[in-house]
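A.B. asks:
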Amino acid sequence: MYRENDSSFMEGVVTQQIIFLYKKKEYVVTSGCWEKCEETKADLFNLVSTIKF
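The working numbering runs 4 ahead of the 1-based position in the sequence shown.
#1: Of all the options Gly36, Phe24 and Ile22, which has the alpha carbon lying nearest to the alpha carbon of Glu15?
#2: Determine the burial state of Ile67: buried for a count of at least 16 other Cβ atoms within 10 Å of its Cβ, exposed for fewer.
#3: Hey, quick one: how far does the alpha helix (DSSP H) through Phe49 stretch, first residue to last?
#4: With a threshold of 16 other CB atoms inside 10 Å of the CB of Leu25, please say whether the residue is buried or exposed.
#5: For the beta strand (DSSP E) that contains Lys29, what are its first and last residues?
Here it is in structure tokens:
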């Protein structure tokens, strides 16, 4: 699942998260951006796609 929202920690920051389950455990990979959020989103998806279990 992909989720994006305004950061609750810093003003003007967008938090982007990919959440997934593996062997009954939840994993969350998070990034934050001030600018170029589409680029950061693509980087986040690329990063997650390299995870091997």
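By construction, the Cβ of each residue, glycine as well, lies at the ideal position given by its N, Cα and C atoms.
C.D. replies: Let me lay it out:
#1: For the purposes of this step, residue 15 is identified with residue 11 of the sequence shown, where counting begins at 1. Checked all of Gly36, Phe24 and Ile22; the closest Cα to Glu15 is Gly36.
#2: Nothing about residue 67 can be read from this structure; the chain reaches only from 5 to 57.
#3: Sequence index remark: in the sequence shown, residue 49 carries index 45 (1-based). Per DSSP, Phe49 belongs to the alpha helix (DSSP H) from Cys41 to Ser53.
#4: Taking the sequence shown and counting its residues from 1, one reaches residue 25 at position 21. Looking at its Cβ environment, which holds fewer than 16 other Cβ atoms inside 10 Å, Leu25 is exposed.
#5: Within the sequence shown, residue 29 is the residue found at index 25, counting from 1. First-last of the beta strand (DSSP E) with Lys29: Lys29 to Cys37.
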